[in-house]
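The numbering of the sequence shown is the working numbering, which starts it at 178 and goes up by one. A quick write-up on the structure given underneath.
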Amino acid sequence: MRAAGAVFVAAWLLAAVTACSVTTPDAGYVPPAPLPPMEQLAQAPLVDPESFAGGTDVLSFSTEDRTIVCSLTSARGEHVKLAYEQNNYDDSANNKLAVVPVAHCELARYPKPAAADATNDCAGTGLGYLGGVALLTPTAATYGECRSGVTQMEATYGPGGSKAGPLTQLPVLAEGANLERNGLRCSAYNGGVACGNVSAGVGFFIAADRYELIQAPAPSPSATPSKP
């Protein structure tokens, strides 16, 4: 009887041990490289925009580390509709301007714009062309703007930032998630944010230490019809 019991206990222990698996890390595993920005925007799953709307037609979010804030919104000329900083979007004088969907992002820490990307000489304004802001329209992407001082995001989460105010209330877009409004998308990934118009091949990627502007490829020249 004791022998039978011992056999049973041994069998039970063997089953328990074999049922448990221990995962050991593969020292040779190399994680896949992040997708290029436009592929990320095309492939990443879209999230429900409702929680990013705040009861308006503007979708705003912050990255998990609170280094970048973006809005999928609208612009009239150079006037961008943003809920968290002053703007002239709703001024009656601007009603004659066409409303264009845009993606607007600000960084708490950011690289300087390359000389080739300084699209405005800020002539006569006394301002400098500074980094920290990226803008996407359906047909173009830019980095930098004419301003003096810091961005709203820099004042909030940059060195010595207040960590107070409306930017602290924005919802977080999770790493790898994708948000869309009026044909433009933004995705938090690879330590930054990519925004783009996938169908047009236009977009940007921004992070604290780097940025990339992606412009639509030039149309190929049409073939000259052959003479009969």
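Where is the CB? At the ideal position from N, CA and C, for every residue including glycine.
Give me the Cβ distance between residue i and residue j, rounded to the nearest whole Å; I'm assuming they're in contact under 8 Å.
i	j	result
isoleucine 383	valine 375	That belief does not hold up - the Cβ atoms of isoleucine 383 and valine 375 are roughly 17 Å apart, past 8 Å.
leucine 218	glycine 373	5 Å
leucine 344	valine 246	6 Å
leucine 313	valine 379	7 Å
proline 394	glycine 360	Contact flag wrong, Cβ pair sits at about 18 Å.
State the DSSP-derived secondary structure class of residue i, mapped to helix, strand or coil.
i	result
proline 278	strand
serine 237	strand
tyrosine 266	coil
leucine 212	coil
alanine 318	strand
leucine 390	strand
alanine 371	strand
alanine 300	coil
valine 194	Residue placement at valine 194 is flagged as unreliable, the pLDDT there being 48, under the threshold of 50; a coordinate-derived value is accordingly withheld.
alanine 377	coil
valine 349	strand
alanine 385	coil
For residue i and residue j, what's the separation of their Cα atoms in angstroms?
i	j	result
phenylalanine 229	tyrosine 320	24 Å
lysine 340	threonine 333	5 Å
asparagine 297	glutamine 220	34 Å
tyrosine 306	leucine 284	15 Å
asparagine 355	asparagine 271	31 Å
tyrosine 287	glycine 308	7 Å
aspartate 234	threonine 250	7 Å
proline 222	alanine 295	33 Å
asparagine 265	glycine 326	19 Å
Taking the alpha-carbon of residue i as reference, which of the options has the nearest alpha-carbon?
i	options	result
aspartate 386	Ala354, Leu350, Lys289	Lys289
cysteine 299	Cys323, Val277, Cys282	Cys323
serine 239	Ala365, Gly232, Gly338, Ala395	Ala365
glutamate 241	Glu389, Ala351, Arg362, Arg358	Ala351
proline 209	Ala393, Asn367, Val235, Gly378	Asn367
alanine 252	Cys363, Glu389, Lys273	Lys273
To which residues does DSSP link residue i through a beta bridge?
i	result
arginine 253	His256, Val276
glutamate 283	Val246, Val310
asparagine 355	Leu223, Ser364
phenylalanine 229	Note: phenylalanine 229 sits in no beta bridge, so no partner.
glycine 338	Looking at the DSSP assignment, glycine 338 forms no beta bridge with any residue, so it has no partner.
valine 327	Its beta-bridge partners do not exist; DSSP assigns none.
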